[in-house]
Amino acid sequence: MPQLPVARRCGALIMSLVETQDMSIRIGGHVALRNVDFAIDAGEIVTVVGPNGSGKSSLLRAIVGALKPHSGTVKRQAGLRIGYVPQKLQIDETLPITVQRFLDLPGRRGRAAKHQALRRVGAEELFERQMFALSGGQFQRVLLARALLDNPQLLILDEPTTGLDQPGSAALYRLIEEIRRELNAAVLMVSHELHVVMSSSDRVICLNGHVCCHGTPDIVASAPEYRALFGTGTHGALALYRHDHDHTHEHENHEGCTHA
Amino acid sequence: MLDDFLVRAVLAGIGVAIAAAPLGCFVVWRKMAYFGDATSHAAILGVALSLAFSLPLVSGTLAVALIMALVVTSLSGKGFAMDTLLGVMAHSALAAGLVATSFISDVRIDLMAYLFGDILAVAHADLAVIWIGAALVTAVMAFRWSPLLTATLNADLAHASGIDPKREQLVLTLCLAVVVAVAIKVVGVLLIVAMLIIPAAAARPLARNPESMAVGAALIGALSAFLGLRMSYVYDTPTGPSIVCAAAGFFILGLMLGRFRVRAH
Chain Y
253 MPQLPVARRC GALIMSLVET QDMSIRIGGH VALRNVDFAI DAGEIVTVVG PNGSGKSSLL
313 RAIVGALKPH SGTVKRQAGL RIGYVPQKLQ IDETLPITVQ RFLDLPGRRG RAAKHQALRR
373 VGAEELFERQ MFALSGGQFQ RVLLARALLD NPQLLILDEP TTGLDQPGSA ALYRLIEEIR
433 RELNAAVLMV SHELHVVMSS SDRVICLNGH VCCHGTPDIV ASAPEYRALF GTGTHGALAL
493 YRHDHDHTHE HENHEGCTHA
Chain X
1239 MLDDFLVRAV LAGIGVAIAA APLGCFVVWR KMAYFGDATS HAAILGVALS LAFSLPLVSG
1299 TLAVALIMAL VVTSLSGKGF AMDTLLGVMA HSALAAGLVA TSFISDVRID LMAYLFGDIL
1359 AVAHADLAVI WIGAALVTAV MAFRWSPLLT ATLNADLAHA SGIDPKREQL VLTLCLAVVV
1419 AVAIKVVGVL LIVAMLIIPA AAARPLARNP ESMAVGAALI GALSAFLGLR MSYVYDTPTG
1479 PSIVCAAAGF FILGLMLGRF RVRAH
């Protein structure tokens, strides 16, 4: 089944930022993902959920170009600027590197641009600090700052709140949301925090080796495939979503499309 | 000036120290020490082969070091336990090299010279080989520094920036083979890894950035070569091991200074 983004289904002629067609990925002989049709449009927040080993990171890595599809295609818009925050980046103490030098990789940046990116994520005081000495939250902010340096059209975040406590991850998600609004960038992220997913995503893709189900959060939450994977009472996430209608969900531009 | 064997020895030592410094940093950062051992121990097999076929020493060692490095690279990330595999290959290569040299009966070879180096016997041609090799490796490292560093931090991050981490790994592998081939005369196969790792590790506590660690390692390596030679000359100690001892002294000094600096903060 073709899983085109909402905008496309509405008939708008917008070229997606990234589009995969019937993409399958193998890692070491094992099929990590099969027949994935996926696309993301400018300004959208799309969250990928799924159990461990369901191919979430593989999807992101294929979009970034770190994995080559075994079959099918990945099409990126020409000249697309991607800001990428990988999962599990660790900097060992054997490698001395200051935050500002880290922001210079792989290409040198102006001092002002580095300061500005750090200020944007509320981490300007870390400029001369050693990377290995940062706390989990500080580290994620620096990674986010690095991803912002290119003024990305698409931010790709692989479990950005891994290792953060509840307030820390809430703050990071707020920051991501703010940045997205400022840059009008699309965000594609993997998250395990279902209540966040449900409240802040435009679309949710539920993976389990293939695309189980997809759509707006409420559609996915009520999909039997999703319930089979996550149950109905997962951390009260669904209940939380369903009763939390007193704020807006940025669905405005899609309204009347998906439910038509 | 170059006619003085001591001057040639110092120049050879400094050449190797400079080439080994940035590469040694990557060996430390990427935890490739055993990889270096496997490559350098294989070089003794290269020595045996060059002698058997009357080829220049550097060609045989370079060829075998390259083959070893490429074999290890291709096996890595294929589900083998790397340290076991490298342990097997490093020591098998060394043993095979030693056995192979015993078959070469018509050439009297001084095995010790290849195991521990013979820097005082560096001839003009050797010096040229060392400096050409060192210049080549240093140039490659300087040229590819940023992509190498990015790939060392995280493979996916490198991919996202259009850098192929496999290619960067190959660059390091090739450089390692070159350094092994040129350093064999200076410190010998058993101590090449020491010249890679110890100066880099000694520079670590004093460095704030990757570049300063590499430059520090080069200075410490060059100083170690100089001091080791001096010690060897004055006390008649074996030269290669003396150089490594000097480097070890800098490592301890670096640790102490690093502690002091941490406390001063």
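Residue numbers (the numbering used here), protein chains in the order written: chain Y, 253 to 512; chain X, 1239 to 1503.
Yeah, the Cβ is synthetic: ideal placement off N, Cα and C, and Gly gets one too.
> Do you know whose CA, among Y/Arg426, Y/Cys465, Y/Cys458 and Y/Cys464, lies nearest Y/Ser452's CA?
Replying inline: Y/Ser452 has its Cα closest to that of Y/Arg426, out of Y/Arg426, Y/Cys465, Y/Cys458 and Y/Cys464.
>> I'd like to know whether the C-beta of Y/Arg393 is nearer than 8 Å to at least one C-beta of chain X.
In response: Not one chain X Cβ lies under 8 Å of Y/Arg393.
> Who are the neighbours of X/Arg1442 on chain Y, taking C-beta pairs under 8 Å?
Replying inline: Within chain Y, the residues Thr346 and Pro348 have their CB atoms less than 8 Å from the CB of X/Arg1442, given in chain order.
> Taking buried to mean at least 16 other C-beta atoms within 10 Å of its own C-beta, is Y/Leu401 buried or exposed?
Replying inline: Label assigned to Y/Leu401: buried.
>> Taking the straight line between their C-alpha atoms, what separation do you get for Y/Arg432 and Y/Ile292?
In response: Cα to Cα, Y/Arg432 sits roughly 14 Å from Y/Ile292.
> Closest Cβ-Cβ distance between Y/Ile530 and chain X: below 8 Å?
Replying inline: Past the edges of chain Y, shown from 253 to 512, lies residue 530 of chain Y, and the structure says nothing about it.
> Who are the Cβ neighbours of Y/Gly239 in its own chain at under 6 Å, not counting the five residues just before and after it?
Replying inline: What the structure shows of chain Y is the stretch from 253 to 512, and residue 239 of chain Y is not part of that stretch, so it cannot be assessed.
> With respect to the beta strand (DSSP E) encompassing Y/Gly324, which residues constitute its N-terminal and C-terminal limits?
Replying inline: Segment Ser323 to Arg328, the beta strand (DSSP E) holding Y/Gly324.
>> My output table needs one value for Y/Val373: the three-state DSSP class, helix, strand or coil.
In response: Collapsing the DSSP output to three states places Y/Val373 in coil.
> Looking at C-alpha atoms only, which residue of Y/Glu430, Y/Ala330, Y/Asp274 and Y/Ile334 is the closest neighbour of Y/Gln405?
Replying inline: Looking at Y/Glu430, Y/Ala330, Y/Asp274 and Y/Ile334, the one whose alpha-carbon comes closest to that of Y/Gln405 is Y/Ile334.
> According to DSSP, what are the bridge partners of Y/Ser276?
Replying inline: Y/Ser276 is bridged to Y/Ser323.
> By a C-beta neighbour count over all protein chains shown, 10 Å radius and 16 as the cutoff for buried, is X/Phe1291 buried or exposed?
Replying inline: The residue is exposed, with fewer than 16 neighbouring Cβ atoms inside 10 Å.
> DSSP on X/Glu1449, reduced to helix/strand/coil?
Replying inline: Helix at X/Glu1449.
> Quick one, which of Y/Glu345, Y/Thr346, Y/Gly331 and Y/Asn287 has its alpha-carbon nearest Y/His322's?
Replying inline: Ranking Y/Glu345, Y/Thr346, Y/Gly331 and Y/Asn287 by Cα distance to Y/His322 puts Y/Asn287 first.
>> Does Y/His487 come out as helix, strand or coil in the three-state DSSP assignment?
In response: Confidence in Y/His487 is poor, its pLDDT being 45 and thus under 50, which makes the residue's placement too unreliable to answer from.
> Are the C-beta atoms of Y/Arg333 and some chain X residue less than 8 Å apart?
Replying inline: Output row for Y/Arg333: interface = no.
> What residues in the segment 402 to 417 of chain Y bring their beta carbon closer than 9 Å to a beta carbon of chain X?
Replying inline: So the close ones are Ile408 and Asp410.
>> Strictly below 7 Å CB to CB, what residues from chain Y border X/Thr1311?
In response: Within chain Y, not a single residue places a beta-carbon under 7 Å from that of X/Thr1311; the smallest gap is close to 17 Å.
> If you drop the 5 nearest sequence neighbours on each side, which residues of the same chain put their C-beta closer than 6 Å to that of X/Ala1432?
Replying inline: Contacts found: Val1482.
> Does X/Pro1448 have its Cβ less than 8 Å from a Cβ in chain Y?
Replying inline: It does; some Cβ of chain Y falls within 8 Å.
>> For Y/His367 and Y/Thr413, I'd like the C-alpha separation in whole angstroms.
In response: Here the alpha carbons of Y/Thr413 and Y/His367 stand approximately 23 Å from one another.
>> Measuring straight from C-alpha to C-alpha, what distance separates X/Gly1298 and X/Arg1268?
In response: Whole-angstrom Cα-Cα distance: 27 Å.
> Excluding five sequence neighbours on each side, which residues of the same chain lie with their C-beta closer than 8 Å to the C-beta of Y/Met523?
Replying inline: A query on residue 523 of chain Y cannot be resolved here, the shown segment of chain Y reaching from 253 to 512 and no further.
> In or out: X/Met1494 buried (at least 16 other Cβ within 10 Å) or exposed?
Replying inline: X/Met1494 should be labelled exposed.
> Would you say Y/Tyr478 reaches chain X, if we count a Cβ-Cβ gap shorter than 8 Å as a contact?
Replying inline: Output row for Y/Tyr478: interface = no.
> In chain order, which continuous runs of the beta strand (DSSP E) of length 3 or greater are located wholly inside the segment 1408 to 1455 of chain X?
Replying inline: Segments of the beta strand (DSSP E) lying fully in the segment 1408 to 1455 of chain X: there are none.
> So, X/Ala1438 versus X/Gly1371, is the Cβ gap smaller than 8 Å?
Replying inline: Pairing X/Ala1438 with X/Gly1371 gives a Cβ-Cβ distance that is not under 8 Å.
> Using a Cβ-Cβ distance under 8 Å, would X/Asp1275 count as near chain Y?
Replying inline: So no, X/Asp1275 is outside the interface.
> Unbroken alpha helix (DSSP H) runs of length 4 or more, entirely within the segment 1288 to 1329 of chain X: which are they?
Replying inline: Entirely contained in the segment 1288 to 1329 of chain X, the alpha helix (DSSP H) runs reaching 4 residues are, in chain order, 1295 to 1313.
> At least one CB of chain X closer than 8 Å to the CB of Y/Leu355: is that the case?
Replying inline: By this cut-off, Y/Leu355 is not an interface position.
>> Given the structure, does X/Ala1439 come close to the ligand ZN, in the sense that its CB is under 7 Å from one of the ligand's heavy atoms?
In response: What this structure holds is no ligand at all, so the ligand ZN is not there to describe.
> What's the C-alpha gap between Y/Ser310 and Y/Ile277?
Replying inline: Approximately 8 Å between the Cα atoms of the pair.
>> So that I know if they touch, is there some Cβ in chain X lying closer than 8 Å to that of Y/Arg278?
In response: No, because no Cβ of chain X sits closer than 8 Å to the Cβ of Y/Arg278.
> In chain Y, what lies closer than 7 Å to X/His1397 by C-beta?
Replying inline: By Cβ distance, chain Y contributes Val316, Gly317 and Ala318.
> Is the shortest distance between the beta-carbon of X/Pro1260 and the beta-carbons of chain Y less than 8 Å?
Replying inline: Answer no: the Cβ-Cβ gap between X/Pro1260 and chain Y never drops below 8 Å.
>> At the level of alpha carbons, what is the spacing between Y/Asp417 and Y/Val439?
In response: The alpha-carbon separation between Y/Asp417 and Y/Val439 amounts to approximately 22 Å.
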